[in-house]
Structures are given as C-alpha cells and as structure tokens.
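Residue numbers (this note's numbering), protein chains in the order written: chain A, 4 to 307; chain B, 10 to 330.
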C-alpha cells in the first residue's frame with residue numbers, strides 16, 4: 004500500500020525512549036486488574052470485556068482505540084464507576100474504585116452541560132458539591148473558564164454556545180474538581196474536522212499545564228496517535244487488550260507531525276490491528292452488484 | 010405571500026400568517042354559528058308566531074314546528090279563516106350570536122331572582138376557588154410523588170400499579186361518598202377535583218421525570234453529586250420546564266371535572282348558574298356562562314405561559330436560536 008519505506012513503530016529515538024523510561028518511573032495512577040464484564044442480552048450472555056489489564060502513570064495521556072463493539076465505552080464507564088465490573092478491580096492511587104466520584108472526572112460524547120445553568124454555574128456545580136463556599140467556587144470557576152478561553156461567555160447558557168465551546172466548558176467543569184484522572188469518552192466525536200483539530204491542540208495545552216492523567220477514548224486513529232503517550236488497542240468480541248503501543252512521535256507535537264515517519268509507522272500498525280486484511284469470504288459477500296446504467300449515447304461516455 | 014406557502018409540509022408559517030390563521034380559528038366557528046342563526050334557509054326548523062290568526066292554540070311569540078305551522082296555514086286557507094303569520098326561527102336552545110353577546114353583559118348586571126341566590130360573578134368566584142384548592146392540593150401531593158416515582162424505580166413500582174388501577178375509577182363515582190364524608194358544601198367538590206386530577210398527575214409527572222436525559226445524571230455523579238443533591242440540583246431543575254407544561258395541561262383537566270363536582274351536594278358556582286338558567290330557558294345565559302368558562306381557562310393558560318417564559322429564561326432563548 005505505502006510506497007515509502009517506513010521504520011518500525013517500535014523504533015524510538017533516544018529522546019523518546021528516555022521520556023518513556025522516565026515516565027515508567029512515575030507513580031501509577033490507575034491500575035486495572037483482570038477486569039471482566041458480562042451482560043445478559045436476549046441472545047444470551049455477552050462478554051463485553053475479558054481479562055483487561057493495564058496501568059497508567061501519573062500525568063500520562065493514554066488513548067483507548069478499537070473497532071466498534073470492543074467495549075471501550077463499557078470500559079470507561081466502569082472506570083468512572085457508572086457501571087460495575089463482573090469481576091476484577093480498578094485501583095486509583097491504590098484504592099479500589101466504588102461508584103462515581105469527583106476524583107475521576109468525565110467528559111461525555113454528548114453534550115452534558117446542565118441547560119438550566121449558565122456556563123459559570125455549570126463549572127461551579129462540582130465545586131459546590133465538594134463543599135466549597137459559593138464565593139470560592141465562583142472564583143475558581145472563573146479561573147477554569149478563563150483557562151478554556153470562554154470568559155466572555157461566563158453568563159451565557161449552554162445552548163448559546165457552539166459544539167466545540169460546549170465541550171471546552173465540559174472539560175473545564177470536570178477539571179475544576181481537580182480529579183486524579185480525566186476520563187474522556189469520544190469527546191470530539193460530534194465535532195467537525197476543523198473544530199476537532201483545534202480542540203485536540205487545546206486539550207494538549209491544558210494537559211501539559213495541569214496535574215492530571217488523561218484516558219481518552221476515540222475511534223479516530225490520527226487523533227489517538229496525535230494525542231497519546233501510549234495507545235491501548237482493544238479487539239472486539241470479546242473485548243480484550245490487543246496491544247499497548249508506545250507512540251514514538253516526539254513531544255511537543257504539532258499537526259505537521261501527522262506526516263512524520265514515526266506517525267505513519269504507528270498508524271500502519273494500528274490499521275493492521277484494527278482492520279485486519281479481509282478474508283476472501285468477507286470480500287465476496289460484501290460488494291456492489293453494479294451494472295452499467297448510463298445510456299450508450301450519453302454525452303459523457305466515461306468518467307475517466 | 011403565495012397561497013401554496015400555507016400548505017408547505019412540516020414548515021412553520023411566518024409570524025403574520027400565524028396570527029392571521031389563529032384568528033381564523035375563532036372566526037370560523039363564529040361564522041358557521043352566524044350562518045345557521047341568520048340565514049333562514051339553512052336550518053330554522055321552527056316558526057315564531059307573529060300573529061296567531063284564528064288558530065286557537067297559537068299565541069304571539071310561540072315557537073311551533075314548521076310542519077304543524079304549514080298544516081294550520083293550509084287549514085286556515087281551506088276554511089277561509091284569518092291566516093296565521095310567522096317567521097322562521099331556530100329552536101330556543103340555539104340562541105343567535107348577538108343574543109349571547111348581550112347576555113354576556115346582562116348576565117352580570119341582572120340581579121338574582123331571590124335574595125339568597127348569588128350574582129354571576131359571585132358564582133364564578135366560587136367555582137374558581139373550588140378549582141384552585143382542588144388543583145393545589147392535588148399538586149401538593151401529586152408532584153412530589155410523581156418525581157419520586159420517576160426517579161426511583163422502587164417508588165415507581167410501589168405507587169404506580171395501584172394508581173394505574175385507580176385512575177380508571179371515574180371521579181364523579183365518588184360523589185356520594187365524598188358528601189357522606191365531607192359534608193355538602195365545598196369540601197366534597199374539592200375532593201372530586203382532587204381525585205380527578207391527582208392520579209393522572211402522578212403518572213404524568215413520573216413519566217416526565219423519566220424522560221430526563223440519564224447522561225445529565227451521570228455527569229452530575231462524576232462531579233460528585235450524591236442522592237439528595239442529585240434530586241434537588243439535577244432532577245428537579247432538569248424537568249421543571251416540562252413539569253410546568255404538564256401542570257398547565259392538567260389544570261385544563263381539572264376544569265372538566267368542575268361541572269360534575271359542583272352538582273354534588275348543594276349545587277353551586279357556575280354550574281348552579283347554568284342549571285338555573287337552563288331551567289328558565291334562558292339559553293343565551295347558558296351559552297354566555299359556557300363561553301366565560303372558556304375565556305377564563307384560555308386566559309389563565311396564556312398568563313401561565315407568559316409567566317413560564319419569564320421564569321425559564323434558558324428555554325426562551327432556545328426558541329429564538
């Protein structure tokens with residue numbers, strides 16, 4: 004497919020290798036041990052997640068990627084405490100996770116800002132829940148709104164904002180609680196390509212400047228490689244860990260890196276894992292039954 | 010403005026068109042009513058005698074079936090007696106629009122026939138109080154129960170099956186019971202409105218509560234909201250605008266129970282006025298009273314809608330965007 008000779012995605016430059024070595028010295032934030040999740044459906048028992056094991060280090064950026072049906076949403080919902088695993092455990096700073104809490108902030112794919120609250124009050128919500136006084140919540144909320152560049156909209160209501168702005172508020176709202184880990188479930192999935200690229204840069208800026216570990220779900224390979232230190236690749240039916248890939252693209256990253264050899268090599272590897280070469284049977288079963296439906300005397304005889 | 014624009018599927022009319030068409034929604038029934046009342050060839054099955062001639066039982070101002078009148082005229086011609094005269098008329102139970110308009114005014118200015126009886130505005134005020142208390146009491150219990158049932162499955166299963174059963178029992182059927190327990194004055198009437206509203210209310214409110222986007226609750230939980238704060242800071246504000254619309258709708262239902270409720274025990278309020286006027290065959294007053302109920306209902310709803318827009322600013326600006 005590619006005509007350029009690409010390096011292996013396992014090759015890391017000295018700088019990158021050094022960074023990964025140092026990263027692995029950091030304390031472990033999140034540890035997932037032998038996680039299983041089974042559902043009962045009308046077709047019988049479905050294994051959504053099977054024997055998931057991985058860990059993230061402090062201030063690491065991990066992306067989770069996989070084909071549809073690999074249970075990546077189930078995984079993040081278990082990490083958030085919104086669902087309970089069938090077996091296995093999730094440890095945050097060594098403590099077992101039990102139910103949702105503000106130390107695991109979450110940004111959802113759909114817009115989940117409270118429509119009846121202004122932007123400022125949305126960001127204050129978590130702070131007030133944590134028992135901060137109104138004045139102190141308000142002051143902190145302003146800082147976080149400023150951080151995502153929406154000071155002008157502090158008193159606007161969510162519906163007055165564009166999709167990208169709404170997600171920035173959602174990020175500010177989750178970060179205001181100063182969570183240990185920020186869980187993001189395809190947060191930019193509903194945005195157009197341009198806004199999406201901008202949001203990725205914003206998120207990187209925020210991550211660099213704040214003490215937070217990020218676990219980010221996406222189905223966009225470019226997004227995963229561009230954002231992540233490491234990419235957790237899942238496979239479907241049942242959802243299992245395929246591989247934990249260390250992204251060899253050096254930091255700081257810019258959109259120009261999308262064409263660098265390291266980037267392309269990583270992308271090639273992800274393609275192989277997520278879209279394995281199709282078998283003959285699959286190809287034969289899925290093709291268009293095309294016959295020529297253009298009249299013979301059509302002005303344009305051929306589109307080529 | 011092209012006429013075909015009016016019939017574009019799924020498109021909203023522009024503001025001016027909407028107002029015009031809404032006015033027509035009232036003009037159309039009034040037009041049909043006028044047509045039937047003023048154009049003699051459409052219906053007018055009766056004849057109002059203007060001069061009885063020599064027919065013994067005819068009296069001036071009497072309403073007679075047209076067939077009988079025609080027969081008597083024929084008989085009079087055959088027997089060369091004075092021919093009775095008359096004009097086509099509608100039955101007494103269908104007064105013409107102008108008579109009802111006059112009645113709308115005179116109903117308020119006519120003194121009651123007996124001293125113990127009430128003026129129309131006093132009767133109306135009684136009715137409004139019955140509705141008000143019935144609805145307030147029902148909401149006081151119905152709304153919290155509905156929200157609980159919509160939020161917690163355990164309350165849903167605890168309340169709703171019985172309420173589903175109970176709401177099929179017609180509220181007026183409890184009339185005799187209500188009088189036995191609560192006496193003959195306003196209390197049993199309020200009770201009937203309560204029974205008619207409450208059970209529907211719990212079900213409607215719980216259904217509205219269940220429609221709240223669960224993602225909002227999940228987001229709140231990951232922000233540290235726990236049981237009570239979830240209920241008061243997320244569930245209630247999240248449904249409040251829909252809840253308000255539900256209550257406006259339910260208030261309309263409460264009015265439909267009013268007439269039955271007021272017949273229970275001592276007849277009172279606007280119902281007493283209507284039955285009384287019907288007994289005297291003052292049907293223009295009956296129509297006037299019915300129209301007044303409609304006007305009060307519609308005005309209350311419009312005022313509540315305007316209040317809602319004031320209270321829920323985030324909804325108002327959404328409509329504009």
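Even glycine gets a Cβ: it sits at the ideal position worked out from N, Cα and C.
Here the region 204-224 of chain A lies against the region 174-193 of chain A, with 3 or more beta-carbon pairs under 8 angstroms apart. Taking all protein chains shown into account, residue 247 of chain A has fewer than 16 neighbouring C-beta atoms within 10 Å of its C-beta and is therefore exposed.
For residue 88 of chain A, the secondary structure class from DSSP, reduced to helix, strand or coil, is coil. The region 136-201 of chain B is shown to contain whole alpha helix (DSSP H) runs of 4 or more residues at 162-175 and 184-191, in chain order. Among the CB atoms of chain A, none fall inside 7 angstroms of the CB of residue 217 of chain B.
The CB of residue 227 of chain B comes closer than 7 angstroms to the CB of 85 in chain A, given here in chain order. With 16 or more other CB atoms across the displayed protein chains lying within 10 angstroms of its CB, residue 55 of chain B is buried. At least one beta carbon of chain B lies nearer than 7 angstroms to the beta carbon of residue 133 of chain A. Under the three-state reduction of DSSP output, residue 22 of chain B falls in the coil class, being neither helix nor strand. The beta carbon of residue 160 of chain B lies closer than 7 angstroms to those of 218, 240 and 244 in the same chain, with the five residues before and after it left out.
Inter-segment contact for the region 73-93 of chain A and the region 191-207 of chain B is absent: fewer than three beta-carbon pairs are separated by less than 8 angstroms. In this chain, the alpha helix (DSSP H) harbouring residue 230 of chain B covers 223-231. Residue contact check for residue 129 of chain A against chain B: a CB pair falls below 7 angstroms. Counting only unbroken stretches of 3 or more residues, the beta strand (DSSP E) elements lying wholly within the region 41-104 of chain A are 47-60, 64-68 and 90-95, in sequence order.
Judged by DSSP secondary structure, residue 310 of chain B falls within the alpha helix (DSSP H) whose first and last residues are 292-320.
In this structure, residue 66 of chain A sits away from residue 173 of chain A, with a CB-CB distance that is not shorter than 7 angstroms. For residue 251 of chain B, there is no enclosing beta strand (DSSP E); the residue is found in the alpha helix (DSSP H) stretching over 245-272. Close CB contacts of residue 151 of chain B within its chain, under the 6 angstroms cut and outside five residues either way in sequence, are with 207, 210 and 211 (chain order). Fully contained in the region 120-174 of chain A are the following alpha helix (DSSP H) runs of length 4 or more, in chain order: 122-132 and 137-150.
Take the alpha-carbon of residue 103 of chain B and the one of residue 46 of chain B: they are about 8 angstroms apart. Across the set A:195, A:250, A:151 and A:10, the C-alpha of A:250 shows the shortest separation from the C-alpha of residue 20 of chain A. Per DSSP, residue 78 of chain B has no beta-bridge partner at all. Three or more Cβ pairs drawn from the region 280-291 of chain B and the region 118-138 of chain B lie within less than 8 angstroms of each other, which places the two stretches in contact. As the crow flies, the alpha-carbon of residue 258 of chain A is around 8 angstroms from that of residue 229 of chain A. Here residue 203 of chain A carries a helix assignment [DSSP, helix/strand/coil].
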